[in-house]
Amino acid sequence: MPAITIDSLRKEYGDAVAVDDLSLTVERGEVFGFLGPNGAGKSTTIDTLLGYVRPTAGTVTILGHDAVAESRAIRQRVGVLPDGYALYERLTAREHLKLAASFRAADDDPEAVLERVGLVDAADRRAGNFSKGMTQRLALGMALVGDPDVLLFDEPSTGLDPTGVAELRRIVAEEAAGGTTVFFSSHDLAQVEATCDRVAILGDGRLLAVDTVAGLRDRYGASVTLSIEATPLPDSDVLGSIEGVRGVSLEDDRLVCRCRDAESKVRALRAVFDADVEVFDVDTESASLEDLFAASVGDDAPPSASAPSATVTAETGGTQ
171 MPAITIDSLR
181 KEYGDAVAVD
191 DLSLTVERGE
201 VFGFLGPNGA
211 GKSTTIDTLL
221 GYVRPTAGTV
231 TILGHDAVAE
241 SRAIRQRVGV
251 LPDGYALYER
261 LTAREHLKLA
271 ASFRAADDDP
281 EAVLERVGLV
291 DAADRRAGNF
301 SKGMTQRLAL
311 GMALVGDPDV
321 LLFDEPSTGL
331 DPTGVAELRR
341 IVAEEAAGGT
351 TVFFSSHDLA
361 QVEATCDRVA
371 ILGDGRLLAV
381 DTVAGLRDRY
391 GASVTLSIEA
401 TPLPDSDVLG
411 SIEGVRGVSL
421 EDDRLVCRCR
431 DAESKVRALR
441 AVFDADVEVF
451 DVDTESASLE
461 DLFAASVGDD
471 APPSASAPSA
481 TVTAETGGTQ
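In terms of this note's numbering, the sequence shown has 251 at position 81, counting the first letter as 1, and numbering is strictly consecutive.
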């Protein structure tokens, strides 16, 4: 049984359609990124998963429970870290965790949870004095109480410093290794890329893509950057005529050659190595999820560092 199944979900608010015919399956133990620009329908989908919003059409199930009819059962098995979480200002961190445990009839040791999220030294401080990052850490700790089978995170890295982000990644990896499904929405695409097994991208309420990051790279193409220190530079018309090469341009004494995929990258590199130049170095980079996201939502600008890419420094040994 999948952890999450969304089947033909549609949500309307009057004449506005927030989510349109969304179907998605998330497997148990998977770390799944849920992405999209503002207004894409991410929050509506998450609220539907938790039973806070009733769908206009379609069904949503978590761990076999219907999100409409069995929302109470779902919330007993799901840990939630919402965006902009508000704490009780008069309660301490320890008291917040005890409260979360009481809601789930759990017996988690507050000290152990606080240690895990890096707040053990603030166990008896009132939350009203917490920084934004400390608030986020405590909210994460509350989501972990009761050893949930599914974790739903909405912008989990908000307010966290680099150390906090690294700790969040560690916790996500630990939870997934233990069989917990992690489903999260985030604008921090580097965080998503570093942690997720697959990602889904929404736009205007519709599913635009769902795949691994590697699969998205294959779908949206790749580029090669040949940075050549040579006089004269290799013939741009020759490189531009290679199958799969999308474009060639001169940028600050570098010849930039963008290619569709890894195969066209190899063809472009071979053309450089076959030219009368001496190659000093080759660096290969991968497209960032930010580039792939821009491509999926229809950004007109081509990816600036699409995968796989290579930087070649060369010096001519004669005229071309």
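Beta carbons: idealized from backbone N, C-alpha and C, even for Gly.
Note that this is a predicted model, so its numbers are computed, not measured.
With a 10 Å radius around its C-beta and 16 neighbouring C-beta atoms as the bar for buried, classify residue i as buried or exposed.
i, result
"Gly487", "At Gly487 the pLDDT is 41, less than 50, meaning the model places this residue with poor confidence and gives no usable figure here."
"Glu448", "exposed"
"Met171", "exposed"
"Ser466", "buried"
"Thr305", "buried"
"Ser356", "buried"
"Arg297", "Reading the sequence as shown, one finds Ala at residue 297 and not Arg. Buried, because 16 or more other Cβ atoms sit within 10 Å of the Cβ of Ala297."
"Phe204", "buried"
"Pro473", "Residue confidence is low: Pro473 scores 34 on pLDDT, short of 50, so the model does not pin down where it sits. No coordinate-derived value is stated."
"Asp461", "buried"
If I follow the unbroken beta strand (DSSP E) through residue i, where does it start and stop?
i, result
"Arg260", "Neither: Arg260 is in no beta strand (DSSP E) and is coded neither H nor E."
"Ser355", "Thr351 to Ser355"
"Thr333", "From DSSP, Thr333 is part of no beta strand (DSSP E) but of the alpha helix (DSSP H) over Pro332 to Ala347."
"Arg424", "Arg424 to Cys429"
Would you mind reading off the limits of the alpha helix (DSSP H) that contains residue i?
i, result
"Thr365", "Leu359 to Thr365"
"Ala370", "First-last for Ala370: Arg368 to Gly373, but that is the beta strand (DSSP E), not the alpha helix (DSSP H)."
"Phe463", "Leu459 to Ser466"
"Gly249", "First-last for Gly249: Val248 to Leu251, but that is the beta strand (DSSP E), not the alpha helix (DSSP H)."
From the DSSP output, in three-state form, read off residue i for me.
i, result
"Phe273", "helix"
"Ala493", "What the structure shows of the chain is the stretch from 171 to 490, and residue 493 is not part of that stretch, so it cannot be assessed."
"Val383", "helix"
"Pro280", "helix"
"Gly414", "coil"
"Ala186", "strand"
"Asp405", "coil"
On a CA-only basis, which of the options is nearest residue i? Give me that one, please.
i, options, result
"Asp405", "Val418, Gly414 and Glu413", "Val418"
"Thr218", "Ala270, Asn208 and Lys181", "Lys181"
"Arg438", "Ser355, Glu345 and Ser411", "Checking the displayed sequence, the identity of residue 438 turns out to be Ala instead of Arg. With distances taken between Cα atoms, Ala438 lies closest to Ser411."
"Ile341", "Asp358, Leu321 and Ala360", "Leu321"
"Val283", "Gly316, Asp374 and Gly209", "Gly316"
"Gly414", "Thr231, Ala263, Cys429 and Ala346", "Cys429"
"Glu259", "Arg389, Pro318, Thr226 and Asn299", "Asn299"
Exercise. Only counting runs of 4 or more residues, tell me where the alpha helix (DSSP H) segments fall wholly within the segment 189 to 239, in order along the chain.
Key: 212 to 219
Quiz item: What runs of the beta strand (DSSP E), each 3 residues or longer, lie entirely inside the segment 285 to 329?
Solution: 320 to 324
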